[in-house]
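>
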Amino acid sequence: MKKRRKSSEQKALEIFQSKGGILRTSEALEAGIHPRTLYQLRDRNAIEQITRGLYGIAGLPEVSDPDLVIAAKKVPNGIICLISALYFHRLTSQIPHCVHIAIPQHIKAPKVDYPPMRFYWFSEKTWNAGIEEHEIGTTLVRCYSKEKTIIDCFKHREKIGIEVGIEALRNYWEKGQANLNEINKYAKISKVDKILNPYLEAIINEQS
């Protein structure tokens with residue numbers, strides 16, 4: 000008996016599932032999903048449009064940081080940074096009102112309608128340093144490490160305020176798992192070690 004051939008919609012749903020359930024339109028087309036199939040799946044509510052140019056399988060379980068997932072999909076060469084990364088690592092009392100994204104200096108900031116994003120241009124050396132991958136739901140999201148994020152806050156203190164970095168550094172130290180080697184490494188890469196050191200010494204003395 001001949002096996003029944005899978006329909007184009009079945010194949011498309013399998014592609015979605017293999018990619019974590021969420022695809023940009025360009026990703027879907029590159030994977031071989033015809034635009035007509037994409038719209039048919041949307042019209043029968045098998046997939047839903049999350050935002051312009053981004054689709055997900057209907058009924059996906061809720062994730063803890065949905066804006067970060069959407070940002071990771073819509074800006075694949077971006078890294079979650081600064082206040083958004085601090086919030087992800089639970090190192091700040093601030094609630095980010097947009098997703099903070101680091102992109103390389105030579106990259107033009109993409110136009111994104113949702114979620115609100117603020118872009119920061121990093122040099123190649125600082126952009127590449129301290130990147131981690133975290134799984135949120137079924138999506139891999141790239142975010143800077145705790146130590147790199149703290150240093151970035153001191154680097155961009157004029158844009159976000161020095162108090163953001165100080166609070167994050169204090170919260171990081173109070174958790175009792177501080178890695179001074181990592182802190183110092185990224186401080187030297189970003190050339191903020193002289194700015195950081197007085198605050199770091201004061202926090203260490205507070206806790207000693």
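Going by numbering that gives the first Met the number 0, the sequence shown opens with residue 0, and the numbers climb by one from there. Cβ atoms here follow ideal geometry from the backbone N, Cα and C, with glycine treated the same way.
Specify the secondary structure class of Gly-55 as computed by DSSP and reduced to three states.
The sequence position of residue 55 within the sequence shown is 56, counting from 1. Three-state result, Gly-55: strand.
> Under a Cβ-count criterion, where at least 16 other Cβ atoms within 10 Å of its own Cβ denotes burial, should Lys-124 be classed as buried or exposed?
The residue labelled residue 124 in the question sits at position 125 within the sequence shown. Lys-124 is exposed by the Cβ-count criterion.
> Could you pull out every residue in the same chain whose Cβ sits closer than 7 Å to the Cβ of Gln-9, ignoring the five residues on either side in sequence?
The count along the sequence shown starts at 1 and reaches residue 9 at position 10. Around Gln-9: no qualifying Cβ.
> Drop a sphere of 10 angstroms on the beta-carbon of Ser-83, count the other beta-carbons inside from all chains shown, and report buried for 16 or more, exposed for fewer.
Position 84 of the sequence shown holds residue 83. By the neighbour-count rule (16 or more Cβ atoms within 10 Å), Ser-83 is buried.
> Three or more C-beta pairs closer than 8 Å, one from the stretch 91–107 and one from the stretch 177–193: is that the case here?
The stretch 91–107 is not in contact with the stretch 177–193.
> For Ile-194, I'd like the list of residues in its chain whose CB is within less than 7 Å of its CB, leaving aside the five on either flank, ordered along the chain.
Sequence index remark: in the sequence shown, residue 194 carries index 195 (1-based). The answer, listed in chain order, is Phe-153.
> Extract the residue ranges of the beta strand (DSSP E) inside the stretch 132–168, only unbroken runs of 3 or more that lie entirely within it.
Taking only runs of at least 3 residues, the beta strand (DSSP E) segments lying wholly in the stretch 132–168 are 138–143.
> Are the Cβ atoms of Tyr-113 and Thr-24 separated by less than 8 Å?
Here residue 113 corresponds to residue number 114 of the sequence shown, with the count starting at 1. Here residue 24 corresponds to residue number 25 of the sequence shown, with the count starting at 1. Result no, Cβ atoms of Tyr-113 and Thr-24 do not sit closer than 8 Å.
> Asp-151 to Tyr-171, Cα distance in whole Å?
Reading the sequence shown from its first residue, position 152 is the one you call residue 151. Reading the sequence shown from its first residue, position 172 is the one you call residue 171. Roughly 14 Å between the two C-alpha positions.
> Going along the chain, which unbroken runs of the alpha helix (DSSP H) with 4 or more residues stay wholly within the stretch 79–135?
With a minimum length of 4 residues, the continuous alpha helix (DSSP H) runs that stay inside the stretch 79–135 are 81–87, 123–127.
> Rounding to the nearest angstrom, what Cα-Cα distance links Asp-64 and His-33 in this structure?
The residue labelled residue 64 in the question sits at position 65 within the sequence shown. The residue labelled residue 33 in the question sits at position 34 within the sequence shown. Computed Cα separation, rounded: 30 Å.
> Using three-state DSSP, classify Gln-48 as helix, strand or coil.
Position 49 of the sequence shown, counted from the start, is the residue given in the question as residue 48. Strand, per DSSP.
> Under three-state DSSP, which class holds Ile-32?
In the sequence shown, the residue the question calls residue 32 occupies position 33. DSSP places Ile-32 in coil when its eight states are reduced to three.
> Using the C-alpha atoms, what's the distance from Ile-78 back to Tyr-143?
In the sequence shown, residue 143 corresponds to position 144, counting from 1. In the sequence shown, residue 78 corresponds to position 79, counting from 1. Looking at the two C-alpha atoms, the distance is approximately 7 Å.
> Among Gln-39, Glu-166, Ala-57, Asn-44, which has the Cα closest to the Cα of Ile-21?
Sequence index remark: in the sequence shown, residue 21 carries index 22 (1-based). With distances taken between Cα atoms, Ile-21 lies closest to Ala-57.
> With distances taken from CA atoms, which of Ala-108, Ala-27, Glu-146, Asn-76 is nearest Asp-192?
Residue numbering aside, residue 192 sits at position 193 when the sequence shown is read from its first letter. It is Glu-146 whose Cα lies nearest to the Cα of Asp-192.
> Evaluate Gly-129 with the Cβ neighbour count: other Cβ atoms within 10 Å of its Cβ, from every protein chain shown; 16 or more gives buried, anything less gives exposed.
In the sequence shown, the residue the question calls residue 129 occupies position 130. Classification of Gly-129: buried, given that the 10 Å Cβ count is 16 or more.
> Could you say which of Leu-168, His-105, Pro-75 lies nearest to Glu-205 if we only look at CA atoms?
Position 206 of the sequence shown, counted from the first residue, corresponds to residue 205. Nearest of Leu-168, His-105, Pro-75 to Glu-205, Cα basis: Leu-168.
> Could you have a look at Arg-23 and say whether DSSP puts it in helix, strand or coil?
Counting from 1 along the sequence shown, the entry for residue 23 is found at position 24. Reduced to three states, the DSSP call for Arg-23 is strand.
> Leaving aside the five residues before and after Glu-131 along the sequence, list all residues of the same chain whose C-beta is less than 6 Å from its C-beta, in chain order.
Taking the first residue of the sequence shown as position 1, residue 131 is located at position 132. Excluding residues within five positions, the ones whose Cβ falls inside 6 Å are Cys-142, Ser-144.
> Determine whether the beta carbon atoms of Lys-72 and Thr-138 lie at a separation below 8 Å.
In the sequence shown, residue 72 corresponds to position 73, counting from 1. In the sequence shown, residue 138 corresponds to position 139, counting from 1. Contact: yes.
> Whole angstroms are fine: how far does the CA of Ile-188 sit from the CA of Asn-76?
Against the sequence shown, residue 76 aligns to sequence position 77. Against the sequence shown, residue 188 aligns to sequence position 189. If you take the alpha carbons of Asn-76 and Ile-188, they lie about 21 Å apart.
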